[in-house]
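S.K.: Read left to right, the sequence shown gives residues -3 to 541 (the working numbering).
Could you have a look at this structure, given as structure tokens, before my questions?
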Amino acid sequence: MGARAGRRLRRRALVERALPVHVCLLEAPGGYGKTTLAEDLATASELARIDVLLEGASGSDAVLAAVVEALRHSGLTDLADAAARATTAAAIHELAAGLAMRGEPLCVIVDEVQRLTTDGADWLSELVAHLAESCRFVLAGRQIPPALRHLGTRPDAVHLGADDLRFSPTEIAELVGLAANEGAGDPELGGSASLEADIVRRSGGWPAAVSLMVGQRLAGRADRGLGPRPLDEVMADLVDGLLDGCPEEARARLQRLATVPLLSQDVAAALSGGGALEDAVALGLPLVRRPDGWLRLPDPVRDALAPEPLDAPRRRAVARAYAAAGELHAAVHLLHDAGDVDGLAEVLGGCPWAQLEAAGVSFARVVAALLGDDELARHPDVLVLLARAVEHGDRSLRRRFLELADSATAGSDGEARRMVLAELARDASRSGDFEQGEQLAHLALHGATRTEIVTRGRALYAWGMADTLRCTSTALARAADTLGEAATLHELAGEYRWSSEALLRVGYAVSFHGGAVDAALEQVERALALLGAADISRAVALTYF
């Protein structure tokens, strides 16, 4: 991206004010550098950090899901797994216990807190109250919700507002000096007191406007000599000045970059083709790089670019890029906010079930609430994916998803119906109703094609489970075959956890209980070999071993 994409001013005085406290509230309109200051504070604290970005109206489930995603992005998978399986009420205690075991504090940045619902703000307030001793919290937003505002009165807290975040004349001079060191653009850049005074006068210290004015000079663009005006008008004119002379198609390509919250080369290619990010940097648009590698345009700049809404193909392509990069929340809200429920179902349907499981039970609840039962019923394949994702986290939610899918596919005999039957068979066998489990498994297998590998594997596992519960010699011999075939099918499909599960059951319930200890050991060892070191199922396999 070059130096300009990374140029920013370190707010040393503000960092020094906030560094000694455990809770920092940052409250100011868009473009005041809240996110940048939060990142500088996290860097100065020298703590491991997580960045929680709230997308859309965020209740407690959505906040927990965002926390889980942030933990996972930061490599804190143990904490993420514990929170992902918990209810919102239990998750706070799970996180507190996990942090106590970890023995090292975290810096938790929560951005866009103005999007919190009352329920979400109450939950976050409780989280801060429980974890403030072992964590540093930075809560940033255009408005601090009432349920969080009281946190600023704590003795270990500081509340910084727009007046604190404005650039001082000294800081503007420093930023101009940083730009001058890049050695390009307007020759006035380089210690010009008149230029610095002009920027102070015209911007009022608004960081977004200051950065764009410097970027405009650095790019060698014409300066319109604006006087003090409403901030949104100043920003609109500054952006227009940067785009002066751009061909219409080039302008449209740049404007499309402003339609989404996170940018990367893949996202830019989906929006505008290759080279769009480089063009934005060359023009002086202030792209900011997040610590996780994503780029973003400040919200006031996005607003001033005034892009047209994305068409469905581009919007879905961006959502797929987000999902592929692990940004499920961004993908979901990009599509939902545009009312593109079919696109949302399409993108979710293309995600591996394990990715949805890793996002947590709360994420599944958020998706279910966003889509609603009627829309979910139109997409039984998504219901099955969600049911698989919450199988070990919330059995009642799994049951609800499967009931919807069962009702939606009743009377049909297609692939979706067989997927549903295989899941119902699994639940019936697990509950001890092996007759029903076997019957549903047979229905799922009937008509299944060679390409329906996962459905066949799930149905065979349910049938094998039913036979191990019968525990007759004939049933156990049949279970050895069906479970072995299920393990093979799942391994072919790349579903190693399910393959391991089938091997564990045949090893323990058939071989071990049948006295074939050597065979059982071999099967359990194979099951272990299929599981990654961080997979929680490995603990189960080791117990059997």
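We treat Cβ as the ideally placed atom computed from N, Cα and C, and that holds for glycine.
1) Got a sec? Which residues, its chain only, sit under 6 Å from Leu330 by beta carbon, not counting five neighbours each side?
2) Taking 8 Å as the threshold, find out whether the region 96 to 107 comes into contact with the region 119 to 139 through three or more Cβ pairs.
3) What are the boundary residues of the alpha helix (DSSP H) that includes Val63?
4) Roughly how many angstroms lie between the CA atoms of Arg286 and Ala264, to the nearest whole one?
5) I'd like to confirm the pairing. Which residues does DSSP put opposite Val106 in its beta bridges?
6) For the region 139 to 155 and the region 10 to 19, state whether three or more C-beta atom pairs, one from each stretch, are separated by less than 8 Å.
7) Indicate whether the contact test is met: 3 or more Cβ pairs, each with one atom in the region 363 to 378 and one in the region 388 to 402, closer than 8 Å.
8) Once the 5 residues before and after Met461 are set aside, which same chain residues still bring their CB inside 6 Å of it?
9) Any chance the region 447 to 460 sits against the region 481 to 492, with 3 or more Cβ pairs inside 8 Å?
10) Over the uninterrupted beta strand (DSSP E) stretch that includes His155, give me the two end residues.
11) Under 8 Å between the Cβ atoms of Ala535 and Val506?
12) Tell me, which residues are paired with Leu21 by DSSP?
13) State the Cα-Cα distance for the pair Gly280 and Asp115, rounded to the nearest angstrom.
14) Go ahead and pull the three-state DSSP assignment for Ala14.
15) Which residues bound the alpha helix (DSSP H) around Phe397?
16) For Ala458, decide whether its Cβ has a neighbour in chain B, counting only Cβ atoms nearer than 8 Å.
17) Do the CB positions of Pro294 and Val284 come within less than 8 Å of each other?
18) Between the region 379 to 391 and the region 88 to 102, do three or more beta carbon pairs fall short of 8 Å?
19) From the DSSP output, in three-state form, read off Leu456 for me.
20) How about Ala158 and Pro25: do their beta carbons lie closer than 8 Å?
21) Thr468 to Ala421, Cα distance in whole Å?
22) Compute the Euclidean distance between the alpha carbons of Ala471 and Gly510, then round it to the nearest angstrom.
23) Out of Gly289, Pro142, Arg45 and Asp333, which has the shortest C-alpha to C-alpha gap to Gly71?
24) Return the CA-CA distance between Val343 and Ala327, expressed in angstroms with no decimal places.
25) Measure the beta-carbon distance from His69 to Asp288 and round it to whole angstroms, keeping in mind my assumption that it falls under 8 Å.
26) Provide the residue span of the alpha helix (DSSP H) that contains Gly116, from first to last.
27) Quick check on the burial criterion: 16 or more other C-beta atoms within 10 angstroms. Buried or exposed for Ala169?
28) Buried or exposed for Met97, going by 16 or more other Cβ atoms inside 10 Å?
29) Out of Arg384, Val386 and Asp377, point me to the one whose CA is closest to Arg414's CA.
30) Who are the Cβ neighbours of Leu441 in its own chain at under 7 Å, not counting the five residues just before and after it?
31) The alpha helix (DSSP H) with Tyr28 in it runs from where to where?
32) With DSSP as the reference, label Arg285 as helix, strand or coil.
33) Between which residues of its own chain and Arg384 is the CB-CB distance below 6 Å, once the five residues before and five after are set aside?
34) On the premise that Arg111 lies in contact with Gly52, defined as a C-beta separation below 8 Å, what is that separation, rounded to the nearest angstrom?
35) From which residue to which residue does the alpha helix (DSSP H) around Arg316 run?
36) Can you look up Ala218 in the DSSP assignment and give me helix, strand or coil?
M.R.: So, from the data block:
1) Along the sequence shown, one-based indexing puts residue 330 at 334. If we look at Leu330 and ignore the five residues flanking it on each side, its Cβ neighbours are Ala315.
2) yes
3) Stepping through the sequence shown from its first residue, residue 63 is reached at position 67. Boundaries of the alpha helix (DSSP H) around Val63: Ser56 to His69.
4) To locate residue 286, count along the sequence shown from 1; it is residue 290. To locate residue 264, count along the sequence shown from 1; it is residue 268. Looking at the two C-alpha atoms, the distance is approximately 16 Å.
5) Here residue 106 is taken as the residue at index 110 of the sequence shown, counted from 1. Note: Val106 sits in a beta bridge opposite Val48 and Leu135.
6) yes
7) yes
8) Along the sequence shown, one-based indexing puts residue 461 at 465. If we look at Met461 and ignore the five residues flanking it on each side, its Cβ neighbours are Ser425.
9) yes
10) For the purposes of this step, residue 155 is identified with residue 159 of the sequence shown, where counting begins at 1. Taken as a continuous stretch (DSSP letters only), the beta strand (DSSP E) holding His155 covers Ala153 to Leu156.
11) Position 539 of the sequence shown, counted from the start, is the residue given in the question as residue 535. Position 510 of the sequence shown, counted from the start, is the residue given in the question as residue 506. Taking 8 Å as the Cβ cut-off, Ala535 and Val506 do not qualify as a contacting pair.
12) Sequence index remark: in the sequence shown, residue 21 carries index 25 (1-based). As DSSP reads the structure, Leu21 sits in a beta bridge with Leu135 and His155.
13) Position 284 of the sequence shown, counting from 1, holds the residue named residue 280. Position 119 of the sequence shown, counting from 1, holds the residue named residue 115. Gly280 and Asp115: Cα-Cα distance of roughly 41 Å.
14) The residue given as residue 14 occupies position 18 in the sequence shown. Three-state result, Ala14: helix.
15) Counting from one through the sequence shown, the residue named residue 397 turns up at place 401. The continuous alpha helix (DSSP H) containing Phe397 extends over residues Arg391 to Thr405.
16) Looking at the structure shown, chain B is missing, and only one protein chain is on hand.
17) As a working mapping, residue 294 is identified with position 298 in the sequence shown. As a working mapping, residue 284 is identified with position 288 in the sequence shown. Result yes, Cβ atoms of Pro294 and Val284 sit closer than 8 Å.
18) no
19) Taking the first residue of the sequence shown as position 1, residue 456 is located at position 460. Three-state DSSP puts Leu456 in a helix.
20) Locating residue 158 in the sequence shown gives position 162, counting from the first residue. Locating residue 25 in the sequence shown gives position 29, counting from the first residue. Taking 8 Å as the Cβ cut-off, Ala158 and Pro25 qualify as a contacting pair.
21) As a first step, residue 468 is located in the sequence shown; it is residue number 472 there, counting from the start. As a first step, residue 421 is located in the sequence shown; it is residue number 425 there, counting from the start. Between Thr468 and Ala421, the C-alpha separation is close to 20 Å.
22) Taking the sequence shown and counting its residues from 1, one reaches residue 471 at position 475. Taking the sequence shown and counting its residues from 1, one reaches residue 510 at position 514. Cα to Cα, Ala471 sits roughly 12 Å from Gly510.
23) Translated into positions along the sequence shown, residue 71 becomes position 75. It is Arg45 whose Cα lies nearest to the Cα of Gly71.
24) As a first step, residue 343 is located in the sequence shown; it is residue number 347 there, counting from the start. As a first step, residue 327 is located in the sequence shown; it is residue number 331 there, counting from the start. One C-alpha to the other measures close to 8 Å.
25) Along the sequence shown, one-based indexing puts residue 69 at 73. Along the sequence shown, one-based indexing puts residue 288 at 292. So it is a contact: roughly 6 Å between Cβ atoms.
26) Position 120 of the sequence shown holds residue 116. Here the alpha helix (DSSP H) through Gly116 covers Thr114 to Leu127.
27) Position 173 of the sequence shown, counted from the first residue, corresponds to residue 169. It is buried - the Cβ of Ala169 has at least 16 other Cβ atoms within 10 Å.
28) As a working note, residue 97 is residue 101 in the sequence shown. With fewer than 16 other Cβ atoms within 10 Å, it is exposed.
29) Reading the sequence shown from its first residue, position 418 is the one you call residue 414. Out of Arg384, Val386 and Asp377, Asp377 has the C-alpha closest to the C-alpha of Arg414.
30) On the sequence shown, residue 441 is found 445 positions in, with the first residue counted as 1. Same-chain partners within the cutoff: Arg452 and Ala455.
31) Here the question's residue 28 lines up with position 32 in the sequence shown. No alpha helix (DSSP H) contains Tyr28, which DSSP labels as neither H nor E.
32) What you label residue 285 is simply residue 289 of the sequence shown in a count that begins at 1. Assignment of Arg285 by DSSP, reduced to helix, strand and coil, places it in the strand class.
33) In the sequence shown, the residue the question calls residue 384 occupies position 388. The residues are Trp349.
34) Position 56 of the sequence shown, counted from the first residue, corresponds to residue 52. Position 115 of the sequence shown, counted from the first residue, corresponds to residue 111. With a Cβ gap of about 6 Å, Gly52 and Arg111 count as contacting.
35) As a position in the sequence shown, residue 316 is number 320, starting the count at 1. Its alpha helix (DSSP H) spans residues Ala308 to Ala320.
36) Mapped onto the sequence shown, residue 218 falls at position 222. Only weak support is given to the placement of Ala218: the predicted model assigns it a pLDDT of 44, under 50, and the question is left unresolved by the model.
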